[in-house]
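From first to last, the protein sequence lines stand for chains A and B. If you use this note's numbering, the first sequence corresponds to residues 515 to 915, in order. If you use this note's numbering, the second sequence corresponds to residues 515 to 915, in order. For glycine and all other residues, C-beta sits at the position ideal for the given N, C-alpha and C.
Protein chains: 2
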Amino acid sequence: MIDFPHIGDICRETPSKIVMLVVDGLGGLAHPATGRSELEAARLPNLDELAGRSACGLTDPVAPGITPGSGPGHMALFGYDPVRHLLGRGVLEAVGIGVELAGGAVAARGNFATVDSAGRLTDRRAGRIPTAQSAPLVEALDRIRAPGVELSALPVRDYRFVLVMRGSGLGAAVSGTDPQELGVPPLEARPLDDASAATAEAVNRFVRAAVEVLGGRETANSVLLRGFSKLPRLPSFGGVYRLNPAAVAAYPMYRGLARVVGMKVLETGQTFSEQLDTLEERFDEHDFFFLHYKPADAAGEDGDFDAKAARLEELDALVPRLLDLRPDALVVAGDHSTPAVLGGHSWHPAPLLVHSALTVGEGVDSFSERACGRGSLGRLPATSVMMLALAHAGKLVKFGP
Amino acid sequence: MIDFPHIGDICRETPSKIVMLVVDGLGGLAHPATGRSELEAARLPNLDELAGRSACGLTDPVAPGITPGSGPGHMALFGYDPVRHLLGRGVLEAVGIGVELAGGAVAARGNFATVDSAGRLTDRRAGRIPTAQSAPLVEALDRIRAPGVELSALPVRDYRFVLVMRGSGLGAAVSGTDPQELGVPPLEARPLDDASAATAEAVNRFVRAAVEVLGGRETANSVLLRGFSKLPRLPSFGGVYRLNPAAVAAYPMYRGLARVVGMKVLETGQTFSEQLDTLEERFDEHDFFFLHYKPADAAGEDGDFDAKAARLEELDALVPRLLDLRPDALVVAGDHSTPAVLGGHSWHPAPLLVHSALTVGEGVDSFSERACGRGSLGRLPATSVMMLALAHAGKLVKFGP
C-alpha cells in the first residue's frame, strides 16, 4: 500500500474531518465544435469559487496513457498502488453486488452463452438476455452442488452472473473457459498451480451441471467463466491512516470497493441529495468520508456531452451543502476521466482540488482540466491524494528527524 | 542513492563549479491578511532578477503531503532517496554535535527526566533544565562504564544529550526507554534482533548507573533514551558524482549532514556574510559547494512572518557576492517549507531556481512559490536537483548510445 513506507510512523488521530468527494469520470475532453470540455461548458459557480480558494492540480490514476477501470481508479484515490493491489474481475463483480468474499472465497465472472447442437459457441452473451429471463436461470445454477466446495451463483444483470466458491485451501489460479471466439466449444478450466486443482475441478463440474440444467434451451444454454480471483490481502484503510472511515455511495460497486478496504458503508439513498442527507446525519460519527457521485460518468459513457455537463451542474448546485459541513479538508477528485467524445473511460488526468484553512487560492479561477493544470499541485499520481488530504487535516507528523 | 541507476556512467570531471545554496525552510504560505507568502511579501530584487534569467520550478522534498525533518530534506537535495537513506534520531543528534560515528557506533538521543520516589515519570524533559545545569550531569554520565562496550555521553543542549556506544558487532535494533507518558516508570530497553542483545544490555546497565549517579536530585534524576541508530552505509557524494565537494554551513546539524555524505566541511563563521567569506577564499579548491542559510527557517519555526521575510531580504542583499563568483551552475533550493503561519516545517513544495549560461529566463519575474510554479522545471522531486545542477555545469555525458 501507499508509496510511502513509513506511513505508520507519521499518521496521528485528530478530531479533524476529511471529506473526499469522488466525481466518477470527472475529467473530459473538448467538444470539437466549441473547444471546451464538459467542465468548461458547464456552469459551475460553486466549484469554480471553491477552486479559487483551493490547491489545484491534475491526477494520473495509474500512469500516463493508462485507462483505468473503476477498481484501479478508486484504489489509487484511497492511496493503494492500483497495479500492485489489482482486484480480479471476479472479485470486482462480486464486490459490486455486495457479496462477502472474506475467508478465501474464489469469485468468477459468469456469462450466459449460446452453443449449437455440436457444443460450439454461437453467442458469447446469449443475445444479452434481460435480467427478467436470466434471474430464474441463475437460481437454477445456484442449486448446483460439488463435493467439498460450496458453490453459489448470484445474478448481476442481463447475461451476467457471479460464481462464488468457498472451501478450504481453494486456489484462484484457474484459466477461464471463454475462448473469446465463436465456432469453437467453451474451454475446460485448467489449474495454473497445484493449489488450484480442486477449484478447476469444481468449475468444470459446475459447467457440466449447468449445461445439463440449461440443456433444453435454444439460447442461454451454456455458461462461460473467467476472472477467477480472490480478495487480495489489503492493509486496512482505517488502520493505516488511523482514521474511522465511512463511505456514502449509492452504487453497489463503489460501496463494495469501500468495503474491500475496510470502510464502514453507510446506508443511504439513490440520489446525491439523499447521500448528502446521510453525510449530514452521520457527520459526527466518522473522521473520513468517501462520497461518491456517479451520474457524470454514466453520461460520459453514453457519449452525451450535454448530459454530462448537466450532471456536473446538478452536482455543483449541491456543493454548498458540503461546504456548510465545514470539513477540515475537502477533496474533490476524479477516479478517472470519461470524456463524452470518447463514450468511455480514458487515460487523461483528472482535475483535483484540495481545500483547507491553509489554501488561500493560487489564481485558478475555475474547476476544469485546463485551470487545474495551472494549479500549485501540478500533475501528481492519484495515490498522493490521500497524503495531501491527511496533511491538510493536520493528521500527519514530521517524517524523519 | 539517486533515482538514476547509471549515474556512475555519465558523470565526468570538469573544471566547472556548482554552488548549491540551500535556504532552510525556504517555502512559505500566504499570510491570511494579505494573501502573500513570506517570499512574496519580502523585497528580493536580486533573487527576483536571478529567477528572471534562470530555470524555475518547485521541489517535493519527499512526496506530496509529507513534511520532512532536516535529515530527509537535505538528503533529497544531495540526491539520496530520503526514505531509503533515513538517518535515525540518535545518528542525527550525534551528527549535529560533530560526533564521528564511523565504524558501527550506535547513537541514541537522551533526555534528562524526573521521576517520583516510586520511579514513575513526572517530567519527560526534567523541566527543560538549561545547558548550564545539564552539562555537569552529562559529564558524570560520561564516566559510566559497561563491560565490552565503550560508552560516551555527550551534551547537546538543555535537557538533551547523546549516548554513543562503540564495540564490535553492536546492533542498533533496540526499543526506546521513553514510554511517552507520565505516571509510569521508564521502559527497559529491549533488543529487537539477536545482534542487538549486547547493545540493549549495555543500555539498561547505563540507565541503572545513571539513576544511581543522579539519584540524590529532585529533578533530572533519571534519563530516557530513544532513536538507537547507526550511520547507514552511504555512497560517497564526491565519489558518485565525481566531484570534490565542500560544505559551508554555520550550524552543526548541517555540517554533520554534509560530513555524513562525505563532503569536506570548511571552517567558517556564524553569519552568512562570514560563510560567503569562506566561499570566496576557498572557491578555487572545490568544484561543488553546499552553502546553507539557516535564519529563514528559524523565523518560520517561531511563527514570525515578518521576521522570516526580513531574513529572506538579508539573504537577498548578499546574493550579488554569490553571483560575483560566477559559478557555472548556481542552484537556490529549499530543504522544505517552513511557513510562518504554521510555525513549523510543512509538506509544501519549495521554490527552485537553476541558473547557468544556458538559462535565459522563461517569464518568471520573481522568486516565490507561485512564480516558480509557473517555471519550466515544473514540479519535481528534490532528488532530481543534483542531476539538473550537474547537467547545467556540463558534468553529465549522454546516457546510452
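Tell me residue i's beta-bridge partners as DSSP assigns them.
i	result
Asp801/A	In DSSP, Asp801/A forms no bridge with anything.
Glu664/A	Arg680/A
His806/B	Val536/B
Asn758/A	None; Asn758/A has no bridge partner.
Asn560/B	Its beta-bridge partners do not exist; DSSP assigns none.
Asp816/A	Per DSSP, none; premise fails for Asp816/A.
Ala712/B	Beta-bridge pairing links Ala712/B to no other residue.
Thr792/B	In the DSSP output, where bridge partners are listed per residue, Thr792/B has none listed.
When you compare the CB of residue i with every CB in chain A, is at least one pair closer than 9 Å?
i	result
Glu876/B	no
Val774/B	no
Thr581/B	yes
Leu572/B	yes
Val597/B	yes
Leu543/B	yes
Leu856/B	yes
Val576/B	yes
Leu668/B	no
Arg884/B	yes
Glu815/B	no
Please confirm whether residue i has its beta-carbon closer than 9 Å to some beta-carbon of chain B.
i	result
His520/A	yes
Val911/A	yes
Ser568/A	no
Leu891/A	yes
Leu902/A	yes
Arg840/A	no
Arg756/A	no
Ser898/A	yes
Ala463/A	Given that chain A is displayed from residue 515 to residue 915, the structure contains no residue 463/A and the question cannot be resolved.
Ala905/A	yes
Arg888/A	yes
Ile532/A	no
Leu591/A	no
Using alpha carbons as the reference points, say which of the options lies closest to residue i.
i	options	result
Ser666/A	His588/A, Val878/A, Gly753/A and Gly604/A	Gly604/A
Ala649/B	Pro700/B, Val874/B, His520/B and Phe675/B	Phe675/B
Arg893/A	Lys744/B, Pro578/B, Pro529/B and Glu563/B	Pro578/B
Arg526/A	Arg638/A, Ala847/A, Gly770/A and Arg756/A	Arg756/A
Leu780/B	Thr713/B, Asp830/B, Ala760/B and Phe797/B	Ala760/B
Asp842/B	Asp798/B, Asp816/B and Ser689/B	Asp798/B
Gly617/A	Val698/A, Lys744/A, Ser689/A and Arg659/A	Lys744/A
Phe518/B	Thr581/B, Leu558/B, Thr897/B and Thr645/B	Thr897/B
Pro834/B	Leu790/B, Gly633/B and Tyr594/B	Leu790/B
Pro865/B	Arg884/B, Arg634/B and Gly776/B	Arg884/B
Leu655/A	Val717/A, Leu601/A, Asp630/A and Val613/A	Val717/A
Gln694/B	Ala660/B, Val737/B, Arg719/B and Glu715/B	Val737/B
Phe742/B	Pro546/B, Gly753/B, Thr713/B and Thr852/B	Thr713/B
Ala687/A	Gly817/A, Leu891/A, Ala621/A and Glu788/A	Ala621/A
Assign residue i to one of two classes, buried (16 or more other C-beta atoms within 10 Å of its C-beta) or exposed (fewer than that).
i	result
His800/B	buried
Leu543/A	buried
Leu872/B	exposed
Ser682/B	exposed
Phe913/B	exposed
Asp957/A	The requested residue 957/A does not occur in the structure, where chain A is confined to residues 515 to 915.
Pro915/A	buried
Asp707/B	exposed
Ser882/B	buried
Can you tell me whether DSSP reads residue i as helix, strand or coil?
i	result
Phe751/A	helix
Val605/A	helix
Gly922/B	Residue 922/B lies beyond the range of chain B shown here (515 to 915); nothing can be said about it.
Tyr768/A	helix
Ile532/A	strand
His859/A	coil
His588/A	helix
Arg969/B	Summary: the structure shown does not reach residue 969/B, with chain B confined to residues 515 through 915, and so no result is reported for it.
Thr581/A	coil
Arg550/B	coil
Ser851/B	strand
Ala871/A	coil
Leu844/A	strand
Leu696/B	coil
Against residue i, what residues of chain E qualify as contacts under a CB-to-CB distance less than 9 Å, listed in chain order?
i	result
Leu601/B	Here the protein chains are A and B, and chain E is not one of them.
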